[in-house]
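A.B. asks: Residue numbers (the UniProt record's numbering), protein chains in the order written: chain A, 1 to 231; chain B, 1 to 231.
Glycine included, every Cβ here is placed at the ideal spot set by N, Cα and C.
Okay, here's the structure, questions in a sec.
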DNA sequence: CAGGGAGTATGATGGGTGTCAAGCCGGGCG
DNA sequence: CGCCCGGCTTGACACCCATCATACTCCCTG
């Protein structure tokens with residue numbers, strides 16, 4: 001019984017949702033969590049499913065996406081460790097119009113909605129953290145909407161690259177693309193073809209260069225900044 | 001002292017945020033509210049302002065919009081009575097990158113952030129209602145993002161018209177456009193010119209017709225549905 | 001190891017729509 | 001009352017970008 005307990009503990013401790021709780025409170029929360037393994041490509045739920053749990057990502061990443069009437073996929077968001085899904089069913093009772101797929105093997109902490117409701121009432125700070133997270137997501141989505149409407153693909157791509165975690169390297173900053181290019185294209189509201197073309201343009205202009213699988217080094221940060229929404 | 005109290009009371013009672021509270025609790029909340037009048041065209045706050053209050057719309061409507069680097073306005077959302085703004089500053093401490101302008105004369109109930117925090121801790125249901133509202137907004141914004149990316153202007157316009165509150169009339173359904181057409185265009189992620197053209201197309205196709213100021217009657221609901229995202 | 005599917009790159013092409021420009025109309029303010 | 005500004009419409013034009021098609025590479029699986 002030692003191992004699963006330790007797992008729960010980790011899950012609860014790392015998550016912003018439960019930050020600020022005392023050790024004992026965290027243990028109480030952990031007792032309600034059901035740890036679950038996920039394998040790459042696995043669908044946690046599909047559109048219209050009855051999601052009755054709040055799922056907190058422990059390790060691995062999830063891709064949330066819609067599928068349009070024509071079957072085309074639209075990436076909504078990518079969940080990293082500490083992020084959660086399933087709150088909207090919990091809050092509004094609505095069925096999701098999107099799906100969640102594991103991008104890689106990983107693990108989740110799953111809570112039943114009823115337990116979450118009790119936790120929120122017992123520990124208002126959990127509700128406040130959820131509010132903060134939803135507010136952050138809303139702002140991010142509004143920003144993406146604005147950029148799709150007002151910026152062309154190259155500007156959105158420049159924005160995206162500049163927003164990635166970067167590492168100093170010999171000839172500038174090096175970033176690792178966290179997603180398949182087709183998914184990045186979808187996130188940016190464009191197609192893989194357009195993304196490929198624009199990335200080549202940036203390379204031809206000497207602003208960036210690609211080496212290897214998903215490794216991009218930014219040679220001219222100011223050049224990219226000028227292309228992007230500026231600010 | 002009777003009149004202002006009655007105003008506060010109304011404000012609190014009508015708002016989903018404070019639904020489910022007992023009479024005494026509502027009175028307690030009302031005591032913290034500061035009623036404020038707004039006049040058409042007045043800016044409640046501008047980008048970068050220090051918003052230290054949660055504002056609940058009592059009467060009238062507000063337009064939330066961003067202004068791009070080129071000065072072009074992008075409508076984010078329209079607030080109706082019962083809706084609120086200012087929660088993001090309260091939750092994350094961030095300055096807004098958007099502005100709020102009154103679409104018409106009206107009134108607000110304003111709460112100081114500190115009071116809101118206390119209220120949420122005291123009455124968890126308030127926090128839950130805020131969560132529900134943010135979750136709803138997030139879903140709406142994600143839906144708009146998806147539609148801008150995957151639907152053309154005519155489909156978005158059809159969607160929009162079908163989503164408006166309608167009244168049965170002689171030759172179909174009649175809706176009243178709740179916004180200036182330029183604002184509707186912005187909301188749909190397009191330009192006034194394109195909106196005007198597409199609306200004319202719908203009229204030429206016999207699907208809709210315009211009479212008077214912002215009055216549109218939908219002659220062929222199924223025709224519009226076929227144009228829109230279907231479902 | 002060979003097959004196959006998915007992801008990606010590149011080219012050609014057409015269409016939707018943003019942009020610029022001009023004109024119209026209505027309402028608000030002086 | 002009449003000016004004038006802002007919203008709206010219509011037209012012409014260009015261009016970005018989605019689409020279709022093809023080909024290449026890599027990884028995974030049988």
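Which residue wins for smallest C-alpha separation from residue 19 of chain A, given the options A:152, A:130, A:186, A:88?
C.D. replies: Closest option to residue 19 of chain A, Cα to Cα, is A:130.
A.B. asks: At 7 angstroms on the CB atoms, spell out the chain B contacts of residue 92 of chain A, in chain order.
C.D. replies: Within chain B, the residues near residue 92 of chain A are 132, 135, 136.
A.B. asks: State the DSSP-derived secondary structure class of residue 129 of chain B, mapped to helix, strand or coil.
C.D. replies: Three-state DSSP puts residue 129 of chain B in a helix.
A.B. asks: Taking the alpha-carbon positions, what's the residue 117 of chain A to residue 54 of chain B distance?
C.D. replies: Cα to Cα, the separation comes out at about 24 angstroms.
A.B. asks: Looking only at C-alpha atoms, which of A:93, A:56, A:138 sits nearest to residue 106 of chain A?
C.D. replies: Closest option to residue 106 of chain A, Cα to Cα, is A:56.
A.B. asks: Should residue 156 of chain A be labelled buried (16 or more other beta-carbon atoms within 10 Å of its own) or exposed?
C.D. replies: Residue 156 of chain A should be labelled buried.
A.B. asks: Identify every residue that forms a DSSP beta bridge with residue 109 of chain A.
C.D. replies: A:35, A:56.
A.B. asks: Got a sec: which bits of the region 112–126 of chain A sit with their beta carbon under 7 angstroms from any beta carbon on chain B, in order along the chain?
C.D. replies: Answer set for the region 112–126 of chain A: 120, 121, 124.
A.B. asks: Between which residues of its own chain and residue 113 of chain A is the CB-CB distance below 6 angstroms, once the five residues before and five after are set aside?
C.D. replies: Correct list, in chain order: 52, 90.
A.B. asks: With a threshold of 8 angstroms between beta-carbons, can residue 100 of chain B be considered close to chain A, or not?
C.D. replies: No, residue 100 of chain B does not count as interfacial toward chain A.
A.B. asks: Closer than 7 angstroms by beta-carbon distance: list the chain A residues that pair up with residue 198 of chain B, in chain order.
C.D. replies: Simply none; closest approach about 16 angstroms.
A.B. asks: Buried or exposed: which applies to residue 39 of chain B, given that a residue is buried once 16 or more other Cβ atoms fall within 10 Å of its Cβ?
C.D. replies: Per the 10 Å Cβ criterion, exposed.
A.B. asks: For the beta strand (DSSP E) containing residue 101 of chain B, list its first residue and its last residue.
C.D. replies: Per DSSP, residue 101 of chain B belongs to the beta strand (DSSP E) from 99–102.
A.B. asks: I want to verify the contact list: residues of chain B whose CB lies under 9 angstroms from the CB of residue 69 of chain A, in sequence order.
C.D. replies: In chain order: 150, 229, 230, 231.
A.B. asks: Identify whether residue 79 of chain B lies in helix, strand or coil by the three-state DSSP scheme.
C.D. replies: Strand, per DSSP.
A.B. asks: I'd like to know if residue 26 of chain A contacts chain B, where contact means its C-beta is closer than 8 angstroms to some C-beta of that chain.
C.D. replies: It does not: the Cβ of residue 26 of chain A has no partner Cβ on chain B nearer than 8 angstroms.
A.B. asks: In whole angstroms, what separates the C-alpha of residue 36 of chain A from that of residue 133 of chain A?
C.D. replies: Cα to Cα, the separation comes out at about 23 angstroms.
A.B. asks: With a threshold of 8 angstroms between beta-carbons, can residue 146 of chain B be considered close to chain A, or not?
C.D. replies: Cβ-Cβ to chain A under 8 angstroms: yes for residue 146 of chain B.
A.B. asks: Three Cβ pairs or more, each shorter than 8 angstroms: is that satisfied between the region 163–174 of chain A and the region 161–173 of chain B?
C.D. replies: Too few Cβ pairs lie closer than 8 angstroms, so no.
A.B. asks: Can the beta-carbon of residue 193 of chain B be found less than 8 angstroms from the beta-carbon of residue 203 of chain B?
C.D. replies: Against a cut-off of 8 angstroms, the Cβ pair of residue 203 of chain B and residue 193 of chain B comes out as no contact.
A.B. asks: What is the rounded straight-line gap between the Cα of residue 64 of chain A and the Cα of residue 100 of chain A?
C.D. replies: Each residue's Cα considered, the two are about 5 angstroms apart.
A.B. asks: Determine the extent of the beta strand (DSSP E) in which residue 217 of chain B is found, giving its start and end residues.
C.D. replies: It spans 215–218 - the beta strand (DSSP E) in which residue 217 of chain B sits, taken as one unbroken run.
A.B. asks: Quick check: what's the CA-CA separation for residue 224 of chain A versus residue 83 of chain A?
C.D. replies: For residue 224 of chain A and residue 83 of chain A, the distance between alpha carbons rounds to 30 angstroms.
A.B. asks: Let me make sure I understand the geometry here. Which of B:86, B:72, B:230, B:87 has the alpha-carbon closest to that of residue 159 of chain B?
C.D. replies: Nearest C-alpha to residue 159 of chain B: B:230.
A.B. asks: Can you name the residues that DSSP bridges to residue 84 of chain B?
C.D. replies: Per DSSP, B:56.
A.B. asks: Please report the distance separating the alpha-carbon of residue 214 of chain A from that of residue 191 of chain A.
C.D. replies: When rounded, the distance between both Cα atoms is 17 angstroms.
A.B. asks: Please look up how many angstroms separate the CB atoms of residue 220 of chain A and residue 207 of chain A, rounded, as I've assumed it's under 8 angstroms.
C.D. replies: About 5 angstroms separates the two Cβ atoms, so the contact holds.
A.B. asks: Just to make sure I have the definition right: I need the residues of chain A whose C-beta is within less than 7 angstroms of the C-beta of residue 139 of chain B. Which are they?
C.D. replies: Result: 88.
A.B. asks: Quick one: what's got a C-beta closer than 7 angstroms to residue 123 of chain B's C-beta in the same chain, skipping five residues either side?
C.D. replies: Contacts found: 21, 25.
A.B. asks: Could you check if residue 69 of chain B belongs to the surroundings of the ligand ZN, using beta carbon to heavy atom distance under 7 angstroms?
C.D. replies: No copy of the ligand ZN occurs in the structure displayed, which carries no ligand at all.
A.B. asks: Following the continuous alpha helix (DSSP H) through residue 167 of chain A, name the residue where it begins and the one where it ends.
C.D. replies: Element bounds for residue 167 of chain A: not the alpha helix (DSSP H) but the beta strand (DSSP E), 166–169.
A.B. asks: For the region 171–219 of chain A, which segments carrying the alpha helix (DSSP H) assignment without a break, of at least 4 residues, lie completely within its bounds, in sequence order?
C.D. replies: For the region 171–219 of chain A, whole alpha helix (DSSP H) runs of length 4 or above, ordered along the chain, are 181–187, 192–204.
A.B. asks: Starting from the Cα of residue 104 of chain B, find the closest Cα among B:62, B:96, B:183 and give me that residue.
C.D. replies: Comparing Cα positions, the closest option is B:62.
A.B. asks: Would the beta-carbon of residue 121 of chain B fall within 8 angstroms of that of residue 50 of chain B?
C.D. replies: Cβ atoms of residue 121 of chain B and residue 50 of chain B: not closer than 8 angstroms.
A.B. asks: Reducing DSSP to helix, strand and coil, say where residue 229 of chain B ends up.
C.D. replies: Coil, per DSSP.
A.B. asks: Identify the contact partners of residue 156 of chain A in chain B, using a Cβ-Cβ distance below 8 angstroms as the criterion.
C.D. replies: Going along chain B, no residue has its Cβ under 8 angstroms from residue 156 of chain A, so there is no contact; the nearest lies around 11 angstroms.
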